[in-house]
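Numbering (the numbering used here), first residue to last: 40 to 359.
Below is the structure:
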């Protein structure tokens with residue numbers, strides 16, 4: 040017990056230092072900075088399992104961890120694959136896929152996140168002598184893509200560390216932005232009543248700028264920062280079969296969020312999940328269910344929204 044308390048306090052001390060650091064660099068402005076970051080699609084929760092719980096910083100594992108906390112892939116004993124689709128806001132679809140396998144003393148993973156915004160109608164002034172506003176002149180397209188490579192390793196039977204490098208691209212009509220982003224995360228298992236903790240700093244990296252064509256009639260916008268995010272989670276066994284937890288989320292251009300969650304598992308075959316965001320009335324609640332058998336898993340999640348249709352997420356996975 041003493042060693043557990045000692046290790047827990049050590050890990051919490053490190054986490055508090057990280058929290059203090061992120062508070063200094065992220066807390067300024069809060070809502071005043073909304074819309075000031077590039078590549079905001081990186082903040083969309085794509086994994087159905089984790090989205091139902093408001094995050095998986097503490098308990099992410101296998102291929103799911105590629106989208107939450109790279110430290111979670113460290114315990115992978117075999118290969119794992121998952122894929123998912125999110126029916127996002129305004130008929131926008133987000134696709135994700137990931138693969139993980141043991142390698143180099145730990146585990147490596149590759150993953151992809153892609154968004155297709157569909158056809159967008161261009162509006163503007165037309166004519167040469169008498170200008171007329173035409174609302175639907177022609178269609179253009181927009182898309183976002185992130186290619187990710189991750190590595191995670193267990194430093195002990197209770198502590199793991201992981202990192203992710205991302206190549207990100209955002210295109211709107213004939214304008215393209217490219218950039219690099221990184222994640223680093225840790226997980227700690229106290230070994231007491233199933234209590235686990237995790238912390239992640241994600242989407243940090245150099246500022247990015249647009250790359251407009253040479254004949255463009257507009258100027259390139261100045262460099263913009265990435266949507267750096269800090270996530271912290273703690274989860275433990277409340278009663279037999281029921282895990283309860285807390286997630287803390289701080290995005291660079293948003294106010295801090297607190298999410299409480301619970302997951303009830305029936306014999307490891309079926310799970311019911313719920314989370315409530317105390318701080319964000321725009322997306323207050325999420326629900327989900329999951330099924331798993333013989334290495335095959337299927338997950339569904341619904342997130343309620345204040346002004347739009349509910350967000351639907353679907354995911355499948357296979358580990359072997």
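C-beta atoms are modelled at their ideal positions from N, C-alpha and C, and glycine is treated no differently.
None of the values given here were measured: they were computed from a predicted structure.
Pairing residue 303 with residue 335 gives a Cβ-Cβ distance that is not under 7 Å. Cβ-Cβ separation between residue 232 and residue 92: approximately 18 Å, too far for a contact (criterion under 8 Å).
Using a Cβ distance threshold of 7 Å, residue 111 and residue 99 count as a contacting pair. For residue 177, the beta-bridge partners assigned by DSSP are 161.
Per the coordinates, the alpha-carbon of residue 338 lies some 10 Å from the alpha-carbon of residue 90.
Our two residues, residue 230 and residue 277, have alpha carbons roughly 14 Å apart in a direct line. If you check the CB distance, residue 227 and residue 269 do not come in under 7 Å.
In the three-state reduction of the DSSP assignment, residue 103 falls in the helix class, which pools H, G and I. Every unbroken stretch of the beta strand (DSSP E) spanning 3 or more residues and falling wholly within the segment 260 to 292 is given here in chain order: 268 to 278 and 281 to 290. Inclusion of residue 119 and residue 101 in the CB contact set at 7 Å is warranted, their separation being smaller than that value. By alpha-carbon distance to residue 352, the top candidate from 130, 116 and 195 is 130. Residue nearest to residue 190 within the set 223, 215 and 288 is 223 (criterion: CA-CA distance). By the Cβ-count criterion, residue 317 is exposed, with fewer than 16 other Cβ atoms from all chains shown falling within 10 Å of its own Cβ. Separation of the CB atoms of residue 315 and residue 341 is rounded to 13 Å, and the pair is thereby denied contact status at 8 Å. About 7 Å separates the beta carbon of residue 159 from that of residue 180, a gap short enough to meet the 8 Å contact definition. Nearest Cα to residue 275 within the set 77, 96, 218 and 213: 96. Residue 157 holds the alpha-carbon nearest to the alpha-carbon of residue 133 among 157, 117, 143 and 285.
Under the DSSP definition of a beta bridge, residue 131 lacks any partner.
Using a Cβ distance threshold of 7 Å, residue 188 and residue 204 count as a contacting pair. Close CB contacts of residue 225 within its chain, under the 6 Å cut and outside five residues either way in sequence, are with 110, 200 and 238 (chain order). Residue environment analysis places residue 266 among the buried positions, since at least 16 neighbouring C-beta atoms fall within 10 angstroms of its C-beta. Around the CB of residue 345, fewer than 16 other CB atoms lie within 10 Å, so the residue is classed as exposed. A straight-line Cα-Cα distance of about 12 Å links residue 143 and residue 193.
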